[in-house]
Every structure is written in structure tokens, then in C-alpha cells.
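Protein sequence lines correspond, in order, to chains A and B. Here the first sequence is numbered in our numbering, starting from 1 and rising by one per residue. Here the second sequence is numbered in our numbering, starting from 1 and rising by one per residue. The structure appears right after this line, and notes come after that.
Protein chains: 2
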Amino acid sequence: MSAARAIKIVPGLSGPVEDYLKAIYDLERSGEPAETNAIAKRLSIAPPSVSGMVRRLARYGLITHEKYHGARLTAAGRKAALQTIRRHRVIEAYLTEALGYSWDRVHDEAERLEHAASDELIDRMAKAIGEPETDPHGAPIPTREGTLKEKAVVTLASLSAGATARVERVSDDSPERLRYLKELGVVPGATVKLVERAPFDGPITIKVGASKHAVGAELAAQILVARR
Amino acid sequence: MSAARAIKIVPGLSGPVEDYLKAIYDLERSGEPAETNAIAKRLSIAPPSVSGMVRRLARYGLITHEKYHGARLTAAGRKAALQTIRRHRVIEAYLTEALGYSWDRVHDEAERLEHAASDELIDRMAKAIGEPETDPHGAPIPTREGTLKEKAVVTLASLSAGATARVERVSDDSPERLRYLKELGVVPGATVKLVERAPFDGPITIKVGASKHAVGAELAAQILVARR
DNA sequence: AGAATAAGTTAGTTGCACCTAACTTATCAT
DNA sequence: ATGATAAGTTAGGTGCAACTAACTTATTCT
Chain A
1 MSAARAIKIV PGLSGPVEDY LKAIYDLERS GEPAETNAIA KRLSIAPPSV
51 SGMVRRLARY GLITHEKYHG ARLTAAGRKA ALQTIRRHRV IEAYLTEALG
101 YSWDRVHDEA ERLEHAASDE LIDRMAKAIG EPETDPHGAP IPTREGTLKE
151 KAVVTLASLS AGATARVERV SDDSPERLRY LKELGVVPGA TVKLVERAPF
201 DGPITIKVGA SKHAVGAELA AQILVARR
Chain B
1 MSAARAIKIV PGLSGPVEDY LKAIYDLERS GEPAETNAIA KRLSIAPPSV
51 SGMVRRLARY GLITHEKYHG ARLTAAGRKA ALQTIRRHRV IEAYLTEALG
101 YSWDRVHDEA ERLEHAASDE LIDRMAKAIG EPETDPHGAP IPTREGTLKE
151 KAVVTLASLS AGATARVERV SDDSPERLRY LKELGVVPGA TVKLVERAPF
201 DGPITIKVGA SKHAVGAELA AQILVARR
């Protein structure tokens, strides 16, 4: 009954298991172990279901889990998560580059295909579009082997007035937000200047190209930039 | 608890259900209703499992089923089967045309992707490679709406000596066979001449281009041709 | 026609992945 | 330090999709 028991040929892990690993990977990036309720919320699943799955993932050696104290990926779990994330991001990149998808519509498609695509297909897709280093939203693509070098980034919300930065990455989980950001010109690679910040976490005024826009603090926290 | 109950967004039907419908569609093409054991064999599943699923498919209105007398697709079932088959064949064509897959390796990949790909993706793939009418093995691609015009074909085994024909389609379920056929030049579009047939269902000698080959009756039955 | 064989079904079980209801453990605030 | 609240878990149940063992129905062969 080890993880290798699964009969699926492709990733060896079921779709749901891969989804949990991705969620835990993401939650863990902030340093803390991934809490049951946080996983539940992210996956839109009831907390007791998460308790059960977490037990199984621990049994499979993909996470460690102290009761009532959250889950942490093991090396094996992290590798599996990153391989799934690689599949997801390569697919997103391919759909936009090769098949004309807009950047706000690739997420859902990738979310399903990532569980069905073989490593060979992913490699061929990556090759066909020139081995990109990021997905359309600027998220870095892990290597085939399941490693990832994250760039040093800060949120747009954390910049001080007058600072200039390069947009590195935006969160991809809301099509509406993505469409709005594209309208503003806030896309990876763009240069933004922080013109002014209202106090008490108020709106931030930014300059992109020739035009200025006011964005809420909430939204600004979803935009990752590198200082210039 | 109707078929519409399923929460899956993409095809509305689970992967296994789609596989059963495809199998039944295929078995039914020979006129007879699809027998339980035949479905079981095709899907490598135990007969009792098929009995159970067949009951469910009938409940969903996708097939009709008389106990002990096999299953027949309803109009809805046929449409669903053909839409899955369309996905499968478009994917096969796309993988060979756009991503450099060889024709003997597309089947397995398509078998998994067909359950995860949205109709939009399939349409974009089809468009990207010029709306092909057949997959790499010569099988016709159903329309978006789930209709299909089958060509009038006979098996190579049924030709009489001296006849010339065009290869229309070969079965795609064995990579080894596909590699061998490619070696012989027996690919859709090729012209073959039946030189000689040994009696008692013995080997058949065919001429493809400049070279002659002897093929067994078994293999010849897997090659569909149109008389010239 | 009746027995042998083939085909199909029912009965009962399993693992996965979810659910709700009820309970326990941890944390935080007074 | 204790009681409220938040977080997490156990208990028990569901549907799907598979399985084996045992039985029933249909067909075939003499």
C-alpha cells in the first residue's frame, strides 16, 4: 500500500492527490505548515475530507503530519508537487503560445490536463514553444526533475512611493482579475512606477507606460514585482 | 440521480462511462448488440463489473439493455460516444501533426487526454492542423455535433487476387503492428495490389510500391481498404 | 429432450474521495 | 486559570468503479 501501488501509468498519483500536494506546496511557501482548514478552503472541500486525505498522504510518505498541527511536504511530496506544477504551467504556456488561448482562460483547462498529460507530452510542448522559463502569468516553471528556483520578488503593495519595478508575476486564480490587469498593462515584463500611496492601506497609484491607474491594496498584493 | 447529476464540467460524463460508450459503439458497428463479455474483454474489466455499469448506463438513458441480450446505444449514447471519439481522434491527429509523435504512440496519450480536454481545446487543435477528416490511422473524425459518415470499406483479407485498392484505415490498438505496417508502407492513402492468396485463409501476398510482402490473414483483416 | 458449456447476473467486498453531524483539542481573551 | 471560540478529528454514510465467488439463464450438441 505504498504510493507506488497506484496503477495509473502517467503520474503515479491520482488527480485529487496531486491537487492536495499542489495546495500544500503553495500554502507551505509562506513558511508555516499547511493547516487543514486552509487546504480545505483552497480546494473547496470539507475539512473532514482533508483530515482523511492528509492521513493517506502521510501514509504514502508524501507529507509529515502532526495531529492538529498541519502538514509539511516531504522531499518526495515536494518533488511530486513540483512535477504537477510543471505540467500545469507548461500547459498554460503552450495553450497561449501555440493555440491562441487568452491568459485568463488557460487555468481551468490546465487544471484538468495536468493530471492526464504524460511527461513526454509536457516535454514536447515545452520544446515546441522554446522551453519557456515562466507560464503566461509569470510563474516559474519547475524542471523536469522537480526543482525550482524562485525569483526574489516583493508585492506591488510593499513598494514605497517613487519606486520603479518590473512586473514579474500575477496570481492566476481569477479570470476577471486577469482581464482587468491586462487592460491596465500590468503583465509580466511591464515596468510600473509607484506614484503615490494613500495611507491606511488605501489605494495605490501606479504609472504603466503613459497612463496612471489607482489600484486597491488587495489587488496590489496579488502583483509580484522585482525592484529596479 | 440522472446523468446530468455528474458535476464534471467538461464532458459531463466520467472517464469510465465514456470508455464504456466507446466500446459499445465499436462493438455495435457490426450490427449486433454489444455483449457483456465482449465489453469486458475490450476494456479489460471483469464481466460482473460490466453488468453493473450497463445497468447504470441504461438508467442514465445512454443505452438500452435487455437482460442476457446485450446493450444498444440510444441516440443520446451514440452522440456521447461519437463526441468522445472525436476528441480522441483529433488529439491523435494533433499529436502527430503538431508535436511530432509517431503514429504508434498517440493512442495511449489520446486515451487519457480525451477525458480531460474541453470542446474548445479540441476545436482549436483541429483548426491548428487544418480540420483533418481522419486521424493518423485513417479513422474518420466525427463532427463537433456527434455525427459521422463512415466510408464504405472492406478488409484487405476480403479482396480477390489481382485487385488493387487504396488503404483507408488500419486498427490502432497495437503499437507493434503499427510500426510493422509503416515499415511495409501500408499507411492510409497507399495503393496496394493483392498479388496472391494462399488457400485456407493462408497468407496473402501484396505489392506496395515496388516491393512485395506476405501478410497473415489475421493482419490483413485489420487493414481496411477501398476498391479501385 | 436433456446434459454440458457458455454467457450473464446477483451477492458481497474493496478503495477512493467526498459528505454531515458530533465530538475533541488548541488557542486566546478576560 | 478557565471558558469561549476556532481548528481539527472521529464516526458514520454515499456514489463510483472495480473485484471474486456463487448462482442463473441461454445455447449448443448429442
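Just so it is clear, CB atoms sit at the ideal spot from N, CA and C, and this is done for glycine as well.
Beta strand (DSSP E) segment containing B/His213, residue limits:
211–215
What did DSSP end up calling A/Lys127 once you bin it into helix, strand or coil?
helix
Beta-carbon spacing of A/Leu73, A/Glu114 below 8 Å:
no
6 Å CB neighbourhood of B/Ala4 in its chain, flanking five on each side removed:
Note that B/Ala4 scores a pLDDT of 33, beneath 50, so its modelled location is shaky and nothing firm can be said.
For B/Ile141 versus B/Glu150, is the C-beta spacing smaller than 8 Å?
no
The stretch 15–31 of chain A touching the stretch 44–60 of chain A, judged by at least three CB pairs closer than 8 Å:
yes
At what residues does the beta strand (DSSP E) containing B/Lys207 begin and finish?
204–208
Test: A/Tyr179 CB closer than 8 Å to a CB of chain B:
The residue you asked about is not Tyr; residue 179 of chain A is Arg in the sequence shown. It does not; no Cβ of chain B falls within 8 Å.
Residues that A/Leu99 contacts on chain B, provided the C-beta gap is smaller than 8 Å
Leu121, Arg124, Met125, Ala128
Pull up the DSSP beta-bridge partners for A/His65, would you.
A/Ala71
Best match in A/Asp104, A/Val192, A/Gly209 for proximity to A/Gly162 [C-alpha to C-alpha]:
A/Val192
Buried or exposed: where does A/Ala6 fall if 16 or more other Cβ atoms within 10 Å of its Cβ makes it buried?
With a pLDDT of only 34 at A/Ala6, under 50, the local geometry of the prediction cannot be trusted, and the value read off the model is given with reservation. By the neighbour-count rule (16 or more Cβ atoms within 10 Å), A/Ala6 is not buried but exposed.
Continuous beta strand (DSSP E) stretch holding A/Ile223: start and end
223–227
Give, in chain order, every residue of the stretch 100–114 of chain A whose Cβ lies closer than 7 Å to some Cβ of chain B.
Gly100, Glu109, Arg112, Leu113
How long is the line joining the alpha carbons of A/Lys41 and A/Leu21, rounded to whole angstroms?
14 Å
Which term fits A/Gly70, buried or exposed, when burial requires 16 or more other beta carbons within 10 angstroms of its beta carbon?
buried
Give the list of continuous alpha helix (DSSP H) stretches no shorter than 4 residues that lie fully inside the stretch 11–94 of chain A.
15–28, 36–43, 47–59
Report buried or exposed for B/Glu218, applying the criterion of at least 16 other Cβ atoms within 10 angstroms of its Cβ.
exposed
In chain order, which continuous runs of the beta strand (DSSP E) of length 3 or greater are located wholly inside the stretch 132–186 of chain B?
164–170
A/Glu109, DSSP secondary structure in three states
helix
B/Ser171 to A/Thr84 span [Cα, whole Å]
33 Å
Can you list the residues of chain B that A/Ser118 reaches, using a CB-CB cut of under 7 Å?
Glu109
If you compare alpha carbons, which of A/Met125, A/Ile206, A/Arg144, A/Gly138 is closest to A/Leu224?
A/Gly138
So if DSSP puts A/Val192 in a beta bridge, which residue, or which two residues, is it bridged to?
A/Ala165, A/Val208
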